[in-house]
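In the UniProt record's numbering, the protein residues as written are 1 to 769. Yeah, the Cβ is synthetic: ideal placement off N, Cα and C, and Gly gets one too. Treat the numbers as computed from the prediction; the structure is a model and nothing was measured.
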Amino acid sequence: MHSSLTEACGPDDDWSGVKERAERRKIQNRLNVRAHRKRKALEDGNLLDNVLASRRRKPRTGAGFTTSRIATEGLVSNHAQTNAQQSRNTRQAIFAHLRSNRGLGELKARFPISRDHLIPLIQYNALRAILTNIHVLYICNLIIQPFPDSSCVPTEIQRVVLWDTSQPAQEPPDTLQLTPLQQRRPHGPWIDTLPLAKMRDNAIMLEGSFDFEEFMTDCFGALCNSGHGKDSSGDCGVIAWSDPWHPRGWEFTEGFIRKWKKSMLEGCEDTIETTNYWRSLRGEEPLQVSQLLPKMEFDPETPQYNTSDPTSFASVTVVRRWPVIITQSIDDVHRTLSKLDDADKVREGKRVIESLGALKYEMLHDRKMTPLEDDGFPDEIASYNNELEKLGNPTWQKVPWLYSECYMYRRIHNIFRLTEHWKSYDVFARQKIKGLRDSRAGVLELAARYKELLEQIRSNSSVAHDEEAEKILFAEMFDICLWGNATDLSLLTTLTHDDIQRLQGAKARKAAEENILANDVPAAYELLKKARDAGEKERQVDFVLDNAGFELYADLILAGYLLASGLATRVVLHPKSIPWFVSDVMPADFAALLNAISNPRAFFETQSEEESFQDKTPAPLADKEVQDLLFLFQDWATHHAEGELLIRPNRYWTAAGSFWRLPHEEKTLYEDLKASKLVIFKGDLNYRKLVADAKWDPTTSFSTAIGSLGPGSGVNVLALRTCKADVVVGLKPGTDEELRATEDGGGDSGARKWCWSGKWAVVSLSNGS
Numbered sequence: 001m002h003s004s005l006t007e008a009c010g011p012d013d014d015w016s017g018v019k020e021r022a023e024r025r026k027i028q029n030r031l032n033v034r035a036h037r038k039r040k041a042l043e044d045g046n047l048l049d050n051v052l053a054s055r056r057r058k059p060r061t062g063a064g065f066t067t068s069r070i071a072t073e074g075l076v077s078n079h080a081q082t083n084a085q086q087s088r089n090t091r092q093a094i095f096a097h098l099r100s101n102r103g104l105g106e107l108k109a110r111f112p113i114s115r116d117h118l119i120p121l122i123q124y125n126a127l128r129a130i131l132t133n134i135h136v137l138y139i140c141n142l143i144i145q146p147f148p149d150s151s152c153v154p155t156e157i158q159r160v161v162l163w164d165t166s167q168p169a170q171e172p173p174d175t176l177q178l179t180p181l182q183q184r185r186p187h188g189p190w191i192d193t194l195p196l197a198k199m200r201d202n203a204i205m206l207e208g209s210f211d212f213e214e215f216m217t218d219c220f221g222a223l224c225n226s227g228h229g230k231d232s233s234g235d236c237g238v239i240a241w242s243d244p245w246h247p248r249g250w251e252f253t254e255g256f257i258r259k260w261k262k263s264m265l266e267g268c269e270d271t272i273e274t275t276n277y278w279r280s281l282r283g284e285e286p287l288q289v290s291q292l293l294p295k296m297e298f299d300p301e302t303p304q305y306n307t308s309d310p311t312s313f314a315s316v317t318v319v320r321r322w323p324v325i326i327t328q329s330i331d332d333v334h335r336t337l338s339k340l341d342d343a344d345k346v347r348e349g350k351r352v353i354e355s356l357g358a359l360k361y362e363m364l365h366d367r368k369m370t371p372l373e374d375d376g377f378p379d380e381i382a383s384y385n386n387e388l389e390k391l392g393n394p395t396w397q398k399v400p401w402l403y404s405e406c407y408m409y410r411r412i413h414n415i416f417r418l419t420e421h422w423k424s425y426d427v428f429a430r431q432k433i434k435g436l437r438d439s440r441a442g443v444l445e446l447a448a449r450y451k452e453l454l455e456q457i458r459s460n461s462s463v464a465h466d467e468e469a470e471k472i473l474f475a476e477m478f479d480i481c482l483w484g485n486a487t488d489l490s491l492l493t494t495l496t497h498d499d500i501q502r503l504q505g506a507k508a509r510k511a512a513e514e515n516i517l518a519n520d521v522p523a524a525y526e527l528l529k530k531a532r533d534a535g536e537k538e539r540q541v542d543f544v545l546d547n548a549g550f551e552l553y554a555d556l557i558l559a560g561y562l563l564a565s566g567l568a569t570r571v572v573l574h575p576k577s578i579p580w581f582v583s584d585v586m587p588a589d590f591a592a593l594l595n596a597i598s599n600p601r602a603f604f605e606t607q608s609e610e611e612s613f614q615d616k617t618p619a620p621l622a623d624k625e626v627q628d629l630l631f632l633f634q635d636w637a638t639h640h641a642e643g644e645l646l647i648r649p650n651r652y653w654t655a656a657g658s659f660w661r662l663p664h665e666e667k668t669l670y671e672d673l674k675a676s677k678l679v680i681f682k683g684d685l686n687y688r689k690l691v692a693d694a695k696w697d698p699t700t701s702f703s704t705a706i707g708s709l710g711p712g713s714g715v716n717v718l719a720l721r722t723c724k725a726d727v728v729v730g731l732k733p734g735t736d737e738e739l740r741a742t743e744d745g746g747g748d749s750g751a752r753k754w755c756w757s758g759k760w761a762v763v764s765l766s767n768g769s
């Protein structure tokens, strides 16, 4: 190999494969200049390698340890020794370490620092900061002398200009005081120079189990190039800005935090705070915890929304919404307990209440999220727990929103599953039934409209043959289905009976049409019409359901219309398998709805618990209203009996991850969805899962944001969503900015508050075929 190549710092310095003569000569000149500077720097004869060689020939003993023995035994710093002995040992060991095969020697640390522009001054400054900490440790009588005698250390190192250490000389900094672990456990002296106590303890615990040279390269970049490939300092490193003995004097790059967060920086939460302080001085955006978490397999690179982000609805959710939901769950169990005589069930119910209370406490006090216990679904539990571990066992207020919300509902179900008498208890059932009763006006209006519509279609009227009329009807049915999602009980926990009714009338739906920001309903109609016109025998439409009660009722209205119009030959409904997000549909909710409309007087005219307490009597139903509901029941029952209306639960719908993972993790379900002409995903959570709850630019196309379910997937996806979370895609440029500027839209706060209320909606289609 050409001699100048020995000065190469990385692949960019290798000219042997460069064909352009001018470029090759440029690289050779750079290497020759670098070699010349190195020779000049070493001409004074103070070569540490020669010194160490002579030391090995004539070992210098101190407290039973020679310098070479200290090096070969891992640079042990035994704090049981006297300060004088410690000083002799560690002052030799620290610099032997810097140049030995356990330290910067193998890393090719270069002194004096070359003026070559490829060696960043910022990395030299970080090394200078560590040398300053050695001096501080000495003058504060903590262990190490600043610089040993000149026979042990090259003069170039002795001439390094340190930070002003007069302040710590007067008052020893707490930040470098020895931790109990440092005092009792032998370790490499380099550890004592680290500015964070927790980081020092981590290094002691991890010593021998991580690549030291790799760590040093990540700290000091080009100064420590040890064959780890291209210098990573551009995205992985540390920066010393002020007092290096204090954590606030340091900045850690995003790459460094991401790489070492679960090892050297475990528990060092201050690193992000101090880093963001220095970033703010440069006018840079602060780092968010979500940016630093490991990406789950198959998920997009774009970071997810996180409960730690004060500008996100996630932070509001974890401290306001979820505690209310848990409190309501506790109240529900209390109400059930008050009617029980079974002592064992009462005893278990009280333990359930205690567990729910503990969950609420953990959430409000930002405790660590704990692994779920096996409750009879080991694979499902393992999936949740594995992801929790990959996320670093985070606390409630510093975790990806999507995972933590799914975890919360799975944890609530887990509490009930681990009992003997409450395994199948739906703690949200009361709220779902109440939501349906409170939607009485909307239920009756839609029943009348549906009966009239189907009679027109079956009588071969113009509605069934006029394409324009069919388009209008199709749009209205989807409009009803979309805004039926306004009854999401997990979000609208404080609405009154009158508020809910106002959300569901025809006038309200017309007024809300202008609030649909992206509307692909016409394209969905063309897709289904094309299949019908082509005479395709199987025209299946799938609904991935959201809420029970009125929204499920509206979904079945749409399903019945699609079957009656011939736009679908079969409708498959996908409910959840466990109580989920308060109001999500379970198989039992179908039975509750059908029981209600098959015997409407008993359901709507009987006093509820609340009405009985308030001494209110529900108004009686008119005969026509009863007949309309019975017509509806008969129609749906017929479709179900003929195999045209099916219910297919799948536990994957209550997994914690995004639907980017679905084709890889649930292949049977994926193949089923590919067989469908159109898969309609209902509601906010399904939308968030489709787009991975990631911080997409709002102008990102829907097809791009849904990843593996997008073009080429074979799945035609239609998302119906009223916006109740931060993420949104498919908007025209400028729309997000305009809505932020509206009243309560978020303004300059950084929050997309307009997207939290359910006032705005999107209907987005991706053609997967």
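> Is the segment 579–589 touching the segment 618–634, taking contact as three or more C-beta pairs under 8 Å?
Replying inline: As far as the Cβ criterion goes, the segment 579–589 does not touch the segment 618–634, which means the pair count is below three.
> Which residues in the same chain as Lys350 place their Cβ atom closer than 8 Å to its Cβ, once the five residues preceding and following it in sequence are excluded?
Replying inline: For this step, residue 350 is matched to residue 350 along the sequence shown. The answer, listed in chain order, is Leu337.
>> What residue range does the beta strand (DSSP E) around Ile239 cover?
In response: Along the sequence shown, read from residue 1 onward, the residue named residue 239 stands at position 239. That run of the beta strand (DSSP E) goes 238–240.
> Expressed to the nearest angstrom, what Euclidean distance is found between the alpha-carbon atoms of residue 770 and Thr165?
Replying inline: Lying outside 1 to 769, the shown extent of the chain, residue 770 is not represented and no answer is given.
> Straight-line CA distance for Trp260 to His135?
Replying inline: Within the sequence shown, the letter at position 260 stands for residue 260. Within the sequence shown, the letter at position 135 stands for residue 135. If you take the alpha carbons of Trp260 and His135, they lie about 27 Å apart.
>> Taking the alpha helix (DSSP H) that Glu354 belongs to, which residues open and close that run?
In response: Sequence index remark: in the sequence shown, residue 354 carries index 354 (1-based). That run of the alpha helix (DSSP H) goes 343–364.
> Tell me the DSSP bridge mates of Thr722?
Replying inline: By 1-based counting over the sequence shown, the position of residue 722 is 722. Answer is Ala761.
> With which residues is Ala531 paired in a DSSP beta bridge?
Replying inline: The count along the sequence shown starts at 1 and reaches residue 531 at position 531. Answer is none; Ala531 lacks a bridge partner.
> Of all Cβ atoms in chain C, is any one closer than 8 Å to the Cβ of Leu720?
Replying inline: The chain inventory of the structure shown lacks chain C, comprising one protein chain alone.
> Taking C-beta to C-beta, are Leu162 and Gln304 nearer than 8 Å?
Replying inline: Start at 1 with the first residue of the sequence shown, and residue 162 comes out as number 162. Start at 1 with the first residue of the sequence shown, and residue 304 comes out as number 304. Cβ distance not < 8 Å, so Leu162 and Gln304 don't count as in contact.
> Can you round the beta-carbon distance between Ser315 and Thr302 to whole angstroms, since I take them to be within the 8 Å contact cut?
Replying inline: Mapped onto the sequence shown, residue 315 falls at position 315. Mapped onto the sequence shown, residue 302 falls at position 302. About 19 Å; that fails the 8 Å criterion.
> Thr668 to Ser676, Cα distance in whole Å?
Replying inline: Position 668 of the sequence shown, counting from 1, holds the residue named residue 668. Position 676 of the sequence shown, counting from 1, holds the residue named residue 676. If you take the alpha carbons of Thr668 and Ser676, they lie about 13 Å apart.
> Smallest Cα separation from Leu364: which of Pro400, Leu340, Asp375, Thr317?
Replying inline: For the purposes of this step, residue 364 is identified with residue 364 of the sequence shown, where counting begins at 1. For Leu364, the closest alpha carbon among the candidates Pro400, Leu340, Asp375, Thr317 is that of Thr317.
>> Quick check: what's the CA-CA separation for Val762 versus Asp736?
In response: Working through the sequence shown from its first residue, we reach residue 762 at position 762. Working through the sequence shown from its first residue, we reach residue 736 at position 736. Using only the alpha carbons, I get a separation of about 13 Å.
> Could you give the residue range of the beta strand (DSSP E) that holds Val728?
Replying inline: Locating residue 728 in the sequence shown gives position 728, where the first residue counts as 1. Per DSSP, Val728 belongs to no beta strand (DSSP E) and is neither H nor E.
>> In this structure, how does DSSP classify Gln540 when only helix, strand and coil are distinguished?
In response: The residue given as residue 540 occupies position 540 in the sequence shown. In this structure, Gln540 counts as strand in the three-state DSSP scheme.
> Quick one: what's got a C-beta closer than 8 Å to Thr175's C-beta in the same chain, skipping five residues either side?
Replying inline: The residue given as residue 175 occupies position 175 in the sequence shown. Within the same chain, Thr175 has close Cβ partners Pro195, Leu196, Ala197, Trp245, His246, Pro247.
>> Please state the DSSP three-state secondary structure of Phe631.
In response: Residue 631 sits at position 631 when you count from the first residue of the sequence shown. The answer is helix: DSSP assigns Phe631 an H, G or I state.
> From this set, Asn29, Asp374, Gly376, Thr395, which residue's C-alpha is nearest Arg367's C-alpha?
Replying inline: The count along the sequence shown starts at 1 and reaches residue 367 at position 367. Nearest C-alpha to Arg367: Thr395.
>> Pop quiz: Met369 and Tyr407 are said to be a contact at Cβ under 8 Å. What is the actual Cβ separation, rounded to whole angstroms?
In response: The count along the sequence shown starts at 1 and reaches residue 369 at position 369. The count along the sequence shown starts at 1 and reaches residue 407 at position 407. Met369 to Tyr407, Cβ: 6 Å. Contact.
> Under three-state DSSP, which class holds Lys262?
Replying inline: Residue 262 sits at position 262 when you count from the first residue of the sequence shown. If DSSP states are grouped into helix, strand and coil, Lys262 belongs with coil.
> What residues match up with Pro400 in a beta bridge as DSSP calls it?
Replying inline: Locating residue 400 in the sequence shown gives position 400, counting from the first residue. Pro400 is bridged to Asn306.
>> Just verifying my parser: in three-state terms, what is the DSSP assignment at Phe603?
In response: Here residue 603 is taken as the residue at index 603 of the sequence shown, counted from 1. Looking at Phe603 - three-state DSSP - the assignment turns out to be helix.
>> By alpha-carbon positions, which one of Val346, Asn547, Arg570 ends up nearest to Glu536?
In response: In the sequence shown, the residue the question calls residue 536 occupies position 536. Closest option to Glu536, Cα to Cα, is Arg570.
>> I'd like the ranges of any beta strand (DSSP E) spanning at least 3 consecutive residues and lying wholly in the segment 671–705.
In response: 678–682
> Got a sec, what are the start and stop residues for the beta strand (DSSP E) Asn519 sits in?
Replying inline: Here residue 519 refers to the residue found at position 519 of the sequence shown. Element bounds for Asn519: 516–519.
> Would you call Ser658 buried or exposed, if buried means 16 or more other Cβ atoms sit within 10 Å of its Cβ?
Replying inline: Working through the sequence shown from its first residue, we reach residue 658 at position 658. Ser658 comes out buried.
> Three-state secondary structure (DSSP) at Lys616?
Replying inline: Translated into the one-based positions of the sequence shown, residue 616 becomes position 616. DSSP places Lys616 in coil when its eight states are reduced to three.
> What three-state label does DSSP hand Arg570 in the structure shown?
Replying inline: As a working note, residue 570 is residue 570 in the sequence shown. Strand.
> Under a three-way DSSP split, which group does Ser769 fall into?
Replying inline: On the sequence shown, residue 769 is found 769 positions in, with the first residue counted as 1. Correct three-state label for Ser769: coil.
> What three-state label does DSSP hand Ser749 in the structure shown?
Replying inline: Walking along the sequence shown from the start, residue 749 turns up at place 749. Coil.
>> Buried or exposed, going by whether 16 or more other CB atoms sit within 10 Å of the CB of Tyr277?
In response: What you label residue 277 is simply residue 277 of the sequence shown in a count that begins at 1. Answer is exposed; the Cβ neighbour count stays below 16.
>> Closest to Gln607 by C-alpha separation, out of Thr617, Asp744, Arg21, would be which residue?
In response: Numbered from its first residue, the sequence shown carries residue 607 at position 607. The option with the nearest alpha carbon to Gln607 is Thr617.
> Would DSSP call Phe252 helix, strand or coil?
Replying inline: As a position in the sequence shown, residue 252 is number 252, starting the count at 1. Residue state, collapsed to three classes: strand.
>> Which residues does DSSP list as the beta-bridge partners of Lys368?
In response: Your numbering for residue 368 matches position 368 in the sequence shown. According to the DSSP secondary-structure assignment, Lys368 is paired through a beta bridge with Thr395.
>> Looking at Asn202: is its Cβ nearer than 8 Å to the Cβ of Glu266?
In response: As a position in the sequence shown, residue 202 is number 202, starting the count at 1. As a position in the sequence shown, residue 266 is number 266, starting the count at 1. The answer is yes: Cβ separation under 8 Å.
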